[in-house]
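J.: In my numbering, the protein residues as written are 1050 to 1206. Input: one structure, supplied below.
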């Protein structure tokens, strides 16, 4: 159905921020609760592939700096489905880029939370969660990058 409904966007070489944002709003991808549609959980591959195509077209259109974290966040979400790997993840790289290059952007905490969730998932099992020290330190470092912009009770050094 998405191929038919979004053919005009899929046929374009570039899409604007407004078109990209409207697509996200139309499918309630940023929503939570009962109103949200989560193609990533449902393994709706045609939707995910179409969305990946739209993200690429948006990035190709050279978005403004403040729009790039949105693209990085969704690239990470889509890449985690299409290219899942326990050993090396572009998804994690996209999320870390979002955090480190755009720490004041409203999407940076979402990128951090998704990265943290990825780490916890990767190192959890029936015996509990055992995150290696280097990754715990990386999570701490990334959170400290965000702290001055997003966390009220951050203590400055």
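Even glycine gets a Cβ: it sits at the ideal position worked out from N, Cα and C.
Smallest Cα separation from residue 1126: which of 1110, 1115, 1113 and 1145?
T.: Ranking the options by Cα distance to residue 1126, first place goes to 1145.
J.: Identify the continuous alpha helix (DSSP H) that holds residue 1171 and give its terminal residues.
T.: Residues 1156-1171.
J.: Could you please give me the residues that DSSP links to residue 1177 through a beta bridge?
T.: DSSP output for residue 1177 lists 1174 as bridge partner(s).
J.: For residue 1193, count the other beta carbons within 10 Å of its own beta carbon; 16 or more makes it buried, fewer makes it exposed. Which is it?
T.: Residue 1193 should be labelled exposed.
J.: Work out the CA separation of residue 1130 and residue 1055 for me, nearest whole Å.
T.: Spanning the two alpha carbons is a distance of roughly 21 Å.
J.: For the alpha helix (DSSP H) that contains residue 1112, what are its first and last residues?
T.: No alpha helix (DSSP H) holds residue 1112; DSSP gives it neither H nor E.
J.: Count the other CB atoms, across all protein chains shown, that sit within 10 Å of the CB of residue 1069; report buried if there are 16 or more and exposed otherwise.
T.: By the 10 Å Cβ count, residue 1069 comes out buried.
J.: Over what stretch of residues does the alpha helix (DSSP H) that includes residue 1141 continue unbroken?
T.: First-last of the alpha helix (DSSP H) with residue 1141: 1139-1150.
J.: What is the DSSP secondary structure of residue 1071, reduced to helix, strand or coil?
T.: Note: residue 1071 maps to helix in three-state DSSP.
J.: For residue 1076, which three-state DSSP category applies?
T.: Looking at residue 1076 - three-state DSSP - the assignment turns out to be coil, as it is neither helix nor strand.
J.: So which of 1155, 1139, 1178 and 1093 has the shortest CA-CA distance to residue 1197?
T.: Looking at the Cα atoms, 1155 is the closest of the given residues.
J.: How is residue 1061 classed by DSSP in three states: helix, strand or coil?
T.: Note: residue 1061 maps to coil in three-state DSSP.
J.: Give me the Cα-Cα distance between residue 1190 and residue 1053, rounded to the nearest whole angstrom.
T.: Residue 1190 and residue 1053: Cα-Cα distance of roughly 44 Å.
J.: Look at the alpha carbon of residue 1185 and the alpha carbon of residue 1117, and state the distance between them as a whole number of angstroms.
T.: Between residue 1185 and residue 1117, the C-alpha separation is close to 26 Å.
J.: Rank 1181, 1141, 1138 and 1119 by C-alpha distance to the C-alpha of residue 1074 and give the top, closest one.
T.: When only C-alpha atoms are compared, the closest one is 1119.
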